[in-house]
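Quick note on this note's numbering: the sequence shown kicks off at 396 and runs consecutively. Every residue, glycine too, gets a C-beta built ideally from N, C-alpha and C. These notes concern the structure reproduced below.
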Amino acid sequence: MSKMRVGVMDTALVSRPAADSLTRANYLAAVANRVDSFWVPDHLNALFPRSIWAPKYCGAARLVPRADASMEPWTLRGHLAARNRLGRLRLGVSVTDTGPRNPAVTAQAAATLHLLTRGRAILGIGTGEREGNEPYGVDWSKPVARFEEALATIRALWNSNGELVPTPVMRDVFLTGTPDEVIDQAAQWRDRGAAYIVADVSALQRSNRGGLAAMRSFAKILRGLKKL
Numbered sequence: 396m397s398k399m400r401v402g403v404m405d406t407a408l409v410s411r412p413a414a415d416s417l418t419r420a421n422y423l424a425a426v427a428n429r430v431d432s433f434w435v436p437d438h439l440n441a442l443f444p445r446s447i448w449a450p451k452y453c454g455a456a457r458l459v460p461r462a463d464a465s466m467e468p469w470t471l472r473g474h475l476a477a478r479n480r481l482g483r484l485r486l487g488v489s490v491t492d493t494g495p496r497n498p499a500v501t502a503q504a505a506a507t508l509h510l511l512t513r514g515r516a517i518l519g520i521g522t523g524e525r526e527g528n529e530p531y532g533v534d535w536s537k538p539v540a541r542f543e544e545a546l547a548t549i550r551a552l553w554n555s556n557g558e559l560v561p562t563p564v565m566r567d568v569f570l571t572g573t574p575d576e577v578i579d580q581a582a583q584w585r586d587r588g589a590a591y592i593v594a595d596v597s598a599l600q601r602s603n604r605g606g607l608a609a610m611r612s613f614a615k616i617l618r619g620l621k622k623l
């Protein structure tokens, strides 16, 4: 039976007194608790209502004065890998948005981080959300099609045998989204033995493909994975 793995998710917000104080504290706490991985989000705007992000409503605002001050996840993970050698946790992004980011740049960044961290990097990738795209001029009319195109581009670059991006490339990829968005894509990545699904399993029962059929498809994909 596969071992359950546990990771810690950070907020990646600029804090006090140093910009990375809170993130480094969370990383060290993750090491102390012997978790398997440390994750940072990829957001351009706040997940919390700005109207209540104040010390009188939220104690965390004393350490993090601006809820929108998110650090860029790829730069941050490189910083964590270089500065925090204790524990050497796996470093994931949850998750990179295929809207604002060019997939070729994502493929190169992921391969580079994987190489420089000696295999500690994990790519999490998904469609993102409207709130993180439209305010920045990114079209939201076809997010799933863009997600599929991005994965195809990344896959092609990673399969270039080092001609287009550094090798070796990572094997751990987390695809996130609804069942309809990720089931087919996960199946296409099975040959790498590396596609993971992070999805609401109960939502499969509501899938327009039919609950039972979707559940069986999901189970087949999971059985095809080499690792969990």
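* **Three-state secondary structure assigned by DSSP to R485** => Your numbering for residue 485 matches position 90 in the sequence shown. If DSSP states are grouped into helix, strand and coil, R485 belongs with the strands.
* To do: Please report how far the alpha carbon of G380 lies from the alpha carbon of A449, in whole angstroms.
  => In the structure as shown, the chain begins at 396 and stops at 623. Residue 380 is therefore absent and cannot be evaluated.
* Segment contact, 8 Å Cβ cut-off, at least three pairs: the stretch 458 to 465 with the stretch 482 to 493 -> no
* Report the rounded CA-to-CA distance for M466 versus K398, giving the unit in angstroms. => By 1-based counting over the sequence shown, the position of residue 466 is 71. By 1-based counting over the sequence shown, the position of residue 398 is 3. M466 and K398: Cα-Cα distance of roughly 32 Å.
* **Where T548 sits in the DSSP three-state scheme** => In the sequence shown, residue 548 corresponds to position 153, counting from 1. Three-state result, T548: helix.
* How many Å lie between A502 and L423 at the Cα? -> For this step, residue 502 is matched to residue 107 along the sequence shown. For this step, residue 423 is matched to residue 28 along the sequence shown. Answer to the nearest angstrom: the Cα atoms are 28 Å apart.
* N-terminal and C-terminal residue of the alpha helix (DSSP H) that A426 is part of -> As a first step, residue 426 is located in the sequence shown; it is residue number 31 there, counting from the start. The displayed chain sequence assigns Val, not Ala, to residue 426. From DSSP, the alpha helix (DSSP H) with V426 extends over 416 to 427.
* Asked: With burial defined as no fewer than 16 other Cβ atoms inside 10 Å of the residue's Cβ, what is the status of V409: buried or exposed?
  -> As a position in the sequence shown, residue 409 is number 14, starting the count at 1. Buried.
* **Cross-strand partners of G519 (DSSP beta bridge)** => Here residue 519 refers to the residue found at position 124 when the sequence shown is read from its first residue. For G519, which the question treats as bridged, DSSP gives the partners F569.
* Asked: If we call anything under 8 Å between Cβ atoms a contact, is I520 one with L439?
  -> In the sequence shown, the residue the question calls residue 520 occupies position 125. In the sequence shown, the residue the question calls residue 439 occupies position 44. It is not a contact, given that the beta carbons lie outside the stated cut-off.
* Any idea which residues DSSP pairs V435 with across the strands? -> Translated into the one-based positions of the sequence shown, residue 435 becomes position 40. According to DSSP, which records beta bridges pairwise, V435 is partnered with V488.
* Asked: What does S465 pair with, by DSSP beta-bridge criteria?
  -> Numbered from its first residue, the sequence shown carries residue 465 at position 70. BP columns for S465 point to L408.
* Count the other C-beta atoms from every protein chain shown that fall within 10 angstroms of the C-beta of V560, then say buried if there are 16 or more, exposed otherwise. => Locating residue 560 in the sequence shown gives position 165, counting from the first residue. Buried: at least 16 other Cβ atoms inside 10 Å.
* Presumed contact (8 Å Cβ cut-off) between V403 and F443, rounded CB distance -> The residue given as residue 403 occupies position 8 in the sequence shown. The residue given as residue 443 occupies position 48 in the sequence shown. V403 to F443, Cβ: 19 Å. No contact.
* Asked: So what does DSSP say about V560, is it helix, strand or coil?
  -> Residue mapping note: residue 560 aligns to position 165 of the sequence shown, counting from 1. Coil at V560, not helix or strand.
* Start-to-end residues for the alpha helix (DSSP H) that takes in L458 -> Counting from 1 along the sequence shown, the entry for residue 458 is found at position 63. That residue, L458, is in no alpha helix (DSSP H); it is neither H nor E in DSSP.
* Could you please give the first and the last residue of the uninterrupted alpha helix (DSSP H) stretch that includes V500? => Residue 500 sits at position 105 when you count from the first residue of the sequence shown. Residues 498 to 511.
* What three-state label does DSSP hand G402 in the structure shown? -> Your numbering for residue 402 matches position 7 in the sequence shown. In the structure shown, G402 sits in a strand (DSSP, three-state: E or B).
* Leaving out the 5 sequence neighbours to the left and right, which residues in its chain are closer than 8 Å to V541 when beta-carbon positions are compared? -> In the sequence shown, residue 541 corresponds to position 146, counting from 1. Contrary to the premise, residue 541 reads as Arg rather than Val in this sequence. Counting only Cβ-Cβ distances below 8 Å, and skipping sequence neighbours, we find T493, G494, T522.
* Can the beta-carbon of P436 be found closer than 8 Å to that of A407? -> Start at 1 with the first residue of the sequence shown, and residue 436 comes out as number 41. Start at 1 with the first residue of the sequence shown, and residue 407 comes out as number 12. Cβ atoms of P436 and A407: closer than 8 Å.
* Asked: For W553, which of helix, strand or coil comes out of DSSP?
  -> Reading the sequence shown from its first residue, position 158 is the one you call residue 553. Reduced to three states, the DSSP call for W553 is helix.
* To do: Return the CA-CA distance between K537 and E544, expressed in angstroms with no decimal places.
  => What you label residue 537 is simply residue 142 of the sequence shown in a count that begins at 1. What you label residue 544 is simply residue 149 of the sequence shown in a count that begins at 1. Near 11 Å, if we compare the C-alpha coordinates of E544 and K537.
* Asked: Taking the alpha-carbon positions, what's the V426 to R411 distance?
  -> Along the sequence shown, one-based indexing puts residue 426 at 31. Along the sequence shown, one-based indexing puts residue 411 at 16. Using only the alpha carbons, I get a separation of about 21 Å.
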